[in-house]
Structures are given as C-alpha cells and as structure tokens.
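Everything on this sheet refers to the single structure shown next.
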Amino acid sequence: MKLIKVLAIASGIAAVTLNSGVAFAKRDKREGFNFGTSVRMIDNNDRAFGDASSGVDANTKINSQSYNPFMAWSTGLLNLGITAHLESNNSATTETNKDSGHVVDRNSSADIKGTSLFGRFLFGKVMFMEFGLGIYKQKLTVNNQYKDINGSAFTGTTDSYVLDSAGPGYHMGYGLELPITDGFYFTTSYIVRIFQLRDISDGMFGAKRAYQQKREITFGVEHYLN
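This is the structure in structure tokens:
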C-alpha cells in the first residue's frame, strides 16, 4: 500500500507539472550529455515481544542510506551511461530473555559499493524504464556482546567478525523525470536491485555468501546539457 501511495503522489506531481509547466517541457529536451544522482534513506525501529514459549524480546534499530550518482548520453529515446551505487546500512539489536536474564547486544554495519553500466528507455515525455549490469562489493562488520545478569552479579563475553564479499548484480525499474527549469529535472523511481556475493576475505572467490534483493523508491535530481 505504501508503494501505491508513493507512486500515486508521484503521478500527481507529473500531472501538475505537465499541466502547469508546458513551457518547460517544450524547452527542455531529454537529449545529450546528462548527469545526476538519486537518494534513498530508511530509519526504522522494530520491536518484537516474545511469547510464553520463547520469552525473548527484541528491539532493532535500522539506519540505511544509498546514493546513485551517474552520467550518461541520451539520444532522446535511449539514455546510456555509467552509475555508482554507494550504500551504508547500520543496525543495532538487543535481545532480552525475561526468564533467564540473558541479553545479547548485536551491532552490525554493511557497506556496499557497486558500479554498473545502465540504459534508460525514454518515453511518454517524462517516463523511463531502466536496466543495468554491474559488479558489487560488500564489507560486513558484526559485533556481539553477551550478558548474563543474576541479581547484582554481571558476566559477559564479546565476539566480532568482518566479512568481505563481491559479485555480479543487476537492477531494473521505472520512474519519472519531471522538468523543473533550464535542463534540470526532478526524478523519482522504483528500482529492484539483485546481486550475488561470494567470500573474498582470503583474497580469492570462495563460497557464495549472500543473495540479496532490494526494492527501492528513490528521489533525485538530473541535469541535461542541451
């Protein structure tokens, strides 16, 4: 439902732009060299309460950002170029066993970097469909702290590990480029990004570490030098 609402709002913006900004649409053409960036941000706090069988409560705070700068060349129908994907994910989880007093604090961070060749099919004055192929690399850092609280006594242990992985991936989606003025456009898009990562912690490709699929709604700005 959230996705439908966001797309409905974006479509409404497009309709207003087309009705009230015809002069901009006529003057600005989606042709020639262009560059821009898009942004996606998430800030979430999830709480889960254990039932009688588990007795474990969990609280997870998630903070995530991604940036996708790009540059490309457009013929008016096809826009071909190169884009980078820079993503940072941080989460902090506290699991508490109400029966035993056992507590686990887990902090993790995942930094993802990728480079892709992409193409956009431009149609309908403001719409586009996009597809890209690229290489992605991820660095995952996890720190765990285990606590046992019995009355006034406290004992605890910690562990941590770092995993480096890399692999191929692709993305596809669709969006809107809404003219503002003088070749500048406001952009919004829905993108599905998929990549498979293999362990490279020892300097060579190892076993498959992760298959990741991300669905993103992004917003950004773009400039055509026409």
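Numbering (the working numbering), first residue to last: -3 to 222. Even glycine gets a Cβ: it sits at the ideal position worked out from N, Cα and C.
The DSSP assignment places 74 to 93 as complete runs of the beta strand (DSSP E) inside the stretch 68 to 97, in order along the chain (cut-off: 3 residues). In this structure, the CA atom of isoleucine 176 is about 19 Å from the CA atom of phenylalanine 66.
The three-state reading of DSSP puts valine 122 in coil, since its state is none of H, G, I, E or B. At the C-beta level, aspartate 155 and asparagine 140 come within 8 Å of one another.
Distance from alanine 162 to tyrosine 132 at the Cβ level is roughly 7 Å; contact confirmed, criterion being Cβ atoms closer than 8 Å. Distances from the CA of arginine 194 to each of Glu173, Leu221, Gly165 and Gly77 were compared; the closest alpha carbon is that of Gly165. Following the DSSP letters along the chain, one finds isoleucine 58 inside the beta strand (DSSP E) bounded by residues 52 to 63. Of the other Cβ atoms in all chains shown, fewer than 16 fall within 10 Å of the Cβ of valine 158; this residue is therefore exposed. Within a 10 Å sphere around the beta-carbon of glutamine 209 sit fewer than 16 other beta-carbons, which makes this residue exposed.
Annotation for aspartate 195: the continuous beta strand (DSSP E) segment containing it runs 180 to 195.
Under the three-state reduction of DSSP output, leucine 221 falls in the coil class, being neither helix nor strand. Cβ-Cβ separation between glycine 169 and glutamate 126: approximately 5 Å, consistent with a contact (criterion under 8 Å).
With a beta-carbon spacing of about 6 Å, phenylalanine 114 and glycine 77 fall inside the 8 Å limit used to define contacts. Cα atoms of lysine 57 and serine 87: separation of roughly 5 Å, rounded to the nearest angstrom. Per the coordinates, the alpha-carbon of leucine 129 lies some 39 Å from the alpha-carbon of valine 100. Here the C-alpha atom of valine 188 lies approximately 13 Å from the C-alpha atom of histidine 81. Taking 8 Å as the upper bound for CB-CB distance, arginine 36 and threonine 214 are in contact here, some 5 Å apart. Proximity to glutamate 173 across Gly216, His98 and Asp144 peaks at Gly216, based on C-alpha coordinates. Beta-carbon to beta-carbon, serine 84 and leucine 136 are separated by about 12 Å, too far to satisfy the 8 Å threshold. In terms of Cα proximity to threonine 89, the closest of Leu74, Ser112, Asn59 and Thr111 is Asn59.
Cα atoms of asparagine 41 and tyrosine 63: separation of roughly 22 Å, rounded to the nearest angstrom. Take the alpha-carbon of histidine 219 and the one of threonine 71: they are about 15 Å apart.
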